[in-house]
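In this note's numbering, the protein residues as written are 13 to 174.
Glycine is no exception: its CB is placed at the ideal position from the N, C-alpha and C atoms.
Computed from a predicted model, the values in this text were never measured in an experiment.
So the structure is just underneath, and the comments pick up after that.
Structural data, given as structure tokens:
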């Protein structure tokens, strides 16, 4: 029993005297050369707040897929920005930080597709960043039915009302 105590004491003092344990850095495999490299930056890409990006897109007629000129497009990145689409239905907001923004589109004579969804209120989310996709916003043309109902002889049909 006396022999075990000095061994235990030597073991404990040896562990305390050794340098602290540090885990190794993560390793990454370079797929092009199949070599292992030390890389401490593995993880999602980090964007600087100084990086600026553009939000580009087109506004189209949901029935004909034709571009809509003069549609009002509004975004909310650090305040509101607005612009009208060009003759080709395109818009571009430049100098935006990475992230997501609410985007709203309006044009007299059209409904937003989201007007038919009670909770959407005509809003979309758009992303800005290095690989941002083009945004396609669709507007639904308003429609009106106009006419009158008549009999075969051309007289109005009083029993049918619209």
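Top-ranked residue by Cα proximity to residue i, from the options
| i | options | result |
| --- | --- | --- |
| residue 97 | 155, 144, 69 | 69 |
| residue 119 | 63, 72, 128, 64 | 72 |
| residue 91 | 79, 114, 154, 82 | 114 |
| residue 121 | 100, 80, 99 | 80 |
Cβ-heavy atom distance, residue i to the ligand SAM, below 7 Å
| i | result |
| --- | --- |
| residue 65 | The ligand content of the structure shown is nil, which means the ligand SAM is not present either. |
Same chain only: Cβ atoms within 6 Å of residue i, ignoring 5 sequence neighbours per side
| i | result |
| --- | --- |
| residue 123 | 152 |
| residue 139 | 112 |
| residue 83 | 71, 97, 117, 119 |
| residue 165 | none |
Whether residue i touches residue j by CB criterion (8 Å)
| i | j | result |
| --- | --- | --- |
| residue 157 | residue 169 | no |
| residue 141 | residue 88 | no |
| residue 93 | residue 103 | no |
Alpha-carbon spacing of residue i relative to residue j, whole angstroms
| i | j | result |
| --- | --- | --- |
| residue 85 | residue 159 | 35 Å |
| residue 63 | residue 109 | 6 Å |
| residue 167 | residue 155 | 27 Å |
| residue 145 | residue 67 | 8 Å |
| residue 78 | residue 163 | 39 Å |
Assigned secondary structure, residue i (DSSP; H/G/I helix, E/B strand, else coil)
| i | result |
| --- | --- |
| residue 105 | strand |
| residue 128 | helix |
Nonlocal neighbours in the same chain, by C-beta distance under 7 Å from residue i, ignoring five residues either side
| i | result |
| --- | --- |
| residue 150 | 72, 74, 125 |
| residue 99 | 81 |
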